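To start, the structure itself, in structure tokens.
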């Protein structure tokens, strides 16, 4: 079968290829990507899916750069199949499953912690990370939902209350475009967001656009001191914490919840060599400063990728009903060729995608 394969690290042109002869997965066994041999019986309920579309995410880029091998590289190493979230058609079911049937259109997410195995003509997915998809949702939209939309819904429902004034840092990326909408659906009375994409953000419900190229949110005290924010959700990290949250700015009241996704745009996970110590030390330091400093926000890490029963079904319902829109970066969907997959990875690596980055594997009929 055709599959988008990473054969090395960092160099997109030399180490990402769409191969024509990759072994097709089976329900009976898993496939060792180095030898092509069938190994280790699958213990959990799985499905074989003919993939229609695959979404690329920051996790794909971290692993491709070799930054998270310790936790996320499959035990068989490289080469491995790229891709973390898909929409496709069920081709085979195993006897542990009673919910899915052959012919079902589904969405599926990678099995944590390894964002691999999805950008191929066929994929073997766990039923616990899958859900039936309404036929009305195009595959190139549906494949964006299992991680990004599900995480956005988790964060909004876990931290935003009706009437809250919310500051969202990073509103126009893959998660941010969903989170903007879910924050307003939770009943937030006011949403300010940092982004360069004013028209897009306004269409998603953002009330105040903060263009980070010309404004620092923590310096807008005259505008927000009288009406400070109740919640901050940070998808970017970087200087938002070091220069903003720790500065004592009057934009934020004392001990305001500051919800921060660890792998933000400005702060990358590094689990290589001394990097892991530096990364973990930084996270611990933020927690301690948050706890001990009287004017510092209350730093929190959300469990964005949790999938409680029925969560994906609710996300699909939000999209099907029109409550939530899927935003794809205008450069996509990308073709399922070596050139197309490389272009998708470059865009995701640039950290300037506006919406989700999607590769179309086959036509959604």
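Numbering (the UniProt record's numbering), first residue to last: 1 to 365. All C-beta atoms in this analysis are idealised placements derived from N, C-alpha and C, irrespective of residue type, glycine included. None of these values were measured; they are calculated from a predicted model.
Report yes or no: do three or more beta-carbon pairs, one from the region 345–364 and one from the region 52–62, lie closer than 8 angstroms?
yes
Residue from 13, 14 and 3 whose Cα sits closest to the Cα of residue 23:
3
Could you check the C-alpha separation between residue 249 and residue 220 for me, to the nearest Å?
9 angstroms
Between the CA atoms of residue 26 and residue 95 - distance to the nearest angstrom
14 angstroms
Residue interval of the alpha helix (DSSP H) (run including residue 340):
338–350
Between the Cα of residue 7 and the Cα atoms of 175, 105 and 81, which residue gives the shortest distance?
81
From the DSSP secondary-structure annotation, give me the bridge partner or partners of residue 257.
298
Taking buried to mean at least 16 other C-beta atoms within 10 Å of its own C-beta, is residue 166 buried or exposed?
buried
Exposure label - residue 265; buried when at least 16 CB within 10 Å:
With a pLDDT of 47 at residue 265, under the threshold of 50, the modelled position of that residue is not reliable, and the figure given next carries that caveat. Counting Cβ neighbours within 10 Å, residue 265 comes out buried, since at least 16 surround it.
Determine the DSSP secondary structure at residue 288, reduced to helix, strand or coil.
helix
Please list the terminal residues of the continuous alpha helix (DSSP H) segment that includes residue 45.
Here residue 45 belongs to no alpha helix (DSSP H), and DSSP marks it neither H nor E.
What are the boundary residues of the beta strand (DSSP E) that residue 19 is part of?
16–19
For residue 408 versus residue 326, is the C-beta spacing smaller than 8 angstroms?
Given a span of 1 to 365 for the chain in the structure shown, any question on residue 408 remains unanswerable.
Looking at residue 320 and residue 137, is the spacing between their C-beta atoms short of 8 angstroms?
yes
Whose C-beta lies closer than 8 angstroms to the C-beta of residue 197 among residues of the same chain, with five residues either side of it excluded?
171, 172 and 354
Should residue 102 be labelled buried (16 or more other beta-carbon atoms within 10 Å of its own) or exposed?
exposed
Look up residue 131 in the DSSP assignment and say whether it is helix, strand or coil.
strand
Just to check my reading of the structure: residue 191 and residue 207 have Cβ atoms closer than 8 angstroms, yes? What is that Cβ distance to the nearest angstrom?
5 angstroms
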